[in-house]
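In the numbering used here, the protein residues as written are 1 to 388.
Heads up, the beta-carbon is just placed ideally off N, CA and C, and yes, glycines get one too.
Since the model is a prediction, treat every value here as computed from it, not as a measurement.
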Amino acid sequence: MNILILGGGFAGVEAAIKLRQYKHEVTLISDRDYMFIYPVSIWIPVGKRSFEDTQLKLSDLAKVHGFKVIIDQITHIEANKNRVHAATQTYAFDYLFIALGMGKVQVKGLEHTHSICGKPEESVVIKDLLENLITKGEGHITVGFGGNPKDPKGMTVRGGPAFELLFNISVLLKEKGLRDRIRLTFFAPMAEPGKRMGDKALGKMGSFFKHYHAETHFGKKIKMFTDTGITFEDDSNLPSDLTLFISGGDGLQLIKDSDLPLNDTGFIKIDEGCGVEGFPNIYAIGDAAAIVELPWAAKQGHVAEVMADVATYNFNNTITGKESRKSYHDSLHIICVMDSGDGAAFVMRTAHKELMIPLPIIGHWLKKGWGWYFKNSKMKRMFRIPGM
Ligand SMILES: Cc1cc2nc3c(=O)[nH]c(=O)nc-3n(C[C@H](O)[C@H](O)[C@H](O)COP(=O)(O)OP(=O)(O)OC[C@H]3O[C@@H](n4cnc5c(N)ncnc54)[C@H](O)[C@@H]3O)c2cc1C
1 MNILILGGGF AGVEAAIKLR QYKHEVTLIS DRDYMFIYPV SIWIPVGKRS FEDTQLKLSD
61 LAKVHGFKVI IDQITHIEAN KNRVHAATQT YAFDYLFIAL GMGKVQVKGL EHTHSICGKP
121 EESVVIKDLL ENLITKGEGH ITVGFGGNPK DPKGMTVRGG PAFELLFNIS VLLKEKGLRD
181 RIRLTFFAPM AEPGKRMGDK ALGKMGSFFK HYHAETHFGK KIKMFTDTGI TFEDDSNLPS
241 DLTLFISGGD GLQLIKDSDL PLNDTGFIKI DEGCGVEGFP NIYAIGDAAA IVELPWAAKQ
301 GHVAEVMADV ATYNFNNTIT GKESRKSYHD SLHIICVMDS GDGAAFVMRT AHKELMIPLP
361 IIGHWLKKGW GWYFKNSKMK RMFRIPGM
């Protein structure tokens, strides 16, 4: 039986680990030779974490868990023909787990911006540009995020990392004694950025912006980015020397060009067991999948891992003739520790509860501790707490 996993991020790696626990032989294909731990990458631009320390080598994970890794770039998926094409060769499969993550909405002039949510190397570019501005000792940094016009419910918006980056930069500027000389502005096209975290969290964002000396610019659609700033729909302009922008999420072109069933934003349609609609031998997990549109659902790392668990469980029970099935709907909630450089806030939104608890100082160390735990538990150097 030939089981392929496409993608070596949160979803792909967790699927490989779980499939090995069920004693299946599995091959994971990724275009990078490492898993990038995005949640702690927010500290790379401010020099609190190295690029190398934010990775887990796929070869090390493969050795510890016993799966096979191939570094190759997938170029085309032919689901109906049970094969995927890649830069070096074509791979046939009996069962496929698609965990390729997501792309981003193209906005005019996007090349004048830099994103913490794009290619991992971009975090180092941001660090260098930030250092240049700090050396210069003056300027204007703008940090923002956008949505996807085809996604009115905001399922593809990734605001948390933009807030984290903004607050961390503010703390860095304070440490350098430059808060009065380098202006910091947060911008977003929506009137209430951060609403997905819940009304309680949204209500508290104003005091965060004030505390971290960030000006705000909300509610105007972005027309384009230029090398001198951001132009909005009414042709007003926000000057910027360094624009850090997280564009709305979009389905990868490679997925859009495939014969898989897609929603309007180009994500793969799945059932609650993570099975791809119309393809009993294919599962889609993590950011690449179209998750159910609920106010307390968001594309997050822990959701990607839940989906990997659900998909592999259902796959294993299907082929071993067991009836029990899992649903990823049961584990949907927004949960994160939003770091601010000198503290954090614990944010939770479930079907029944909304919470935002400020965690001065300790919150920052909690998130740092999570990064350490994540790496070591994935490498089996320590016990893994169920669900984390
Ligand atoms: C800056 C940042 C901070 C975040 N903070 C948090 C947080 O605090 N908590 C939280 O829960 N979530 C957080 N998230 C979200 C979380 O990181 C994502 O939801 C998660 O990474 C999704 O996992 P994935 O496996 O679906 O995709 P990814 O992790 O993006 O992995 C996709 C994989 O597919 C591979 N790939 C892509 N295209 C190809 C191709 N053509 N051929 C071969 N391989 C390919 C990539 O190399 C990668 O290995 C954050 C995200 C970012 C960007």
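#1: Please name the residue in Phe267, Met388 and Leu244 whose C-alpha comes closest to that of isoleucine 255.
#2: Contact between the region 127-136 and the region 236-253: three or more CB pairs below 8 angstroms?
#3: Along the chain, where does the beta strand (DSSP E) containing tyrosine 313 start, and where does it finish?
#4: Report the residue from Ile319, Ala304 and Arg325 whose alpha carbon sits nearest the alpha carbon of leucine 332.
#5: Quick one: grab the DSSP three-state call for threonine 27.
#6: Considering only residues of the same chain and omitting the five flanking positions on each side of serine 327, which have a CB-CB separation below 7 angstroms?
#7: Less than 7 angstroms between the C-beta atoms of glycine 101 and glycine 248, yes or no?
#8: To which residues of the same chain is valine 389 closer than 8 angstroms at the C-beta, ignoring the five residues directly before and after it?
#9: Taking valine 40 as the reference, give the member of Arg381, Met382 and Lys375 with the closest Cα.
#10: For valine 69, which beta-bridge partners are listed by DSSP?
#11: If you count every other CB in all the chains shown that lies within 10 Å of the CB of histidine 352, and 16 or more means buried, which is it?
#12: Could you tell me if the beta carbon of glutamine 89 falls within a distance shorter than 6 angstroms of some heavy atom in ligand 1?
#13: Excluding the 5 residues preceding and the 5 following arginine 196 in the sequence, name in chain order all residues of the same chain whose CB lies nearer than 8 angstroms to its CB.
#14: With a 10 Å radius around its C-beta and 16 neighbouring C-beta atoms as the bar for buried, classify alanine 92 as buried or exposed.
#15: Rounded to whole angstroms, what's the CA-CA distance from aspartate 53 to alanine 288? Just pull it up for me.
#16: Proline 45 by DSSP, collapsed to three states: which one?
#17: Under a three-way DSSP split, which group does alanine 62 fall into?
#18: Is it the case that the CB of glycine 8 approaches a heavy atom of ligand 1 more closely than 6 angstroms?
#19: Any heavy atom of ligand 1 inside 6 angstroms of the beta-carbon of proline 161?
#20: If I follow the unbroken alpha helix (DSSP H) through histidine 211, where does it start and stop?
Let me lay it out:
#1: Here residue 255 refers to the residue found at position 255 of the sequence shown. The shortest Cα separation from isoleucine 255 among Phe267, Met388 and Leu244 belongs to Phe267.
#2: yes
#3: The residue you call residue 313 lines up with position 313 of the sequence shown. It is not in any beta strand (DSSP E) - tyrosine 313 instead sits in the alpha helix (DSSP H) that spans 301-319.
#4: Along the sequence shown, one-based indexing puts residue 332 at 332. Nearest of Ile319, Ala304 and Arg325 to leucine 332, Cα basis: Ala304.
#5: As a first step, residue 27 is located in the sequence shown; it is residue number 27 there, counting from the start. Threonine 27 falls in the strand class under three-state DSSP.
#6: Locating residue 327 in the sequence shown gives position 327, counting from the first residue. Around serine 327: Glu272, Gly273 and Val310.
#7: As a first step, residue 101 is located in the sequence shown; it is residue number 101 there, counting from the start. As a first step, residue 248 is located in the sequence shown; it is residue number 248 there, counting from the start. No; because the gap between Cβ atoms is not below 7 angstroms, this pair is not in contact.
#8: Only positions 1 to 388 of the chain appear in the structure, and residue 389 is not among them; the question remains open.
#9: The residue labelled residue 40 in the question sits at position 40 within the sequence shown. Checked all of Arg381, Met382 and Lys375; the closest Cα to valine 40 is Lys375.
#10: For this step, residue 69 is matched to residue 69 along the sequence shown. BP columns for valine 69 point to Leu28.
#11: Residue numbering aside, residue 352 sits at position 352 when the sequence shown is read from its first letter. When all chains shown are included, histidine 352 counts as exposed.
#12: Residue 89 sits at position 89 when you count from the first residue of the sequence shown. The answer is no for glutamine 89.
#13: As a position in the sequence shown, residue 196 is number 196, starting the count at 1. Correct list, in chain order: Gly154, Val157, Gly159, Pro295, Ala298, Ile334 and Arg349.
#14: By 1-based counting over the sequence shown, the position of residue 92 is 92. Burial call: exposed.
#15: Taking the first residue of the sequence shown as 1, we reach residue 53 at position 53. Taking the first residue of the sequence shown as 1, we reach residue 288 at position 288. Distance between the alpha carbons of aspartate 53 and alanine 288 is about 25 angstroms.
#16: Within the sequence shown, residue 45 is the residue found at index 45, counting from 1. Proline 45 falls in the coil class under three-state DSSP.
#17: Stepping through the sequence shown from its first residue, residue 62 is reached at position 62. Alanine 62: helix per DSSP, three-state reduction.
#18: Stepping through the sequence shown from its first residue, residue 8 is reached at position 8. Yes, since a heavy atom of ligand 1 falls inside the 6 angstroms radius drawn around the Cβ of glycine 8.
#19: In the sequence shown, counting from the first residue as 1, residue 161 sits at position 161. Proline 161 Cβ: within cutoff of ligand 1.
#20: Counted from its first residue, the sequence shown places residue 211 at position 211. 199-211 is the extent of the alpha helix (DSSP H) around histidine 211.
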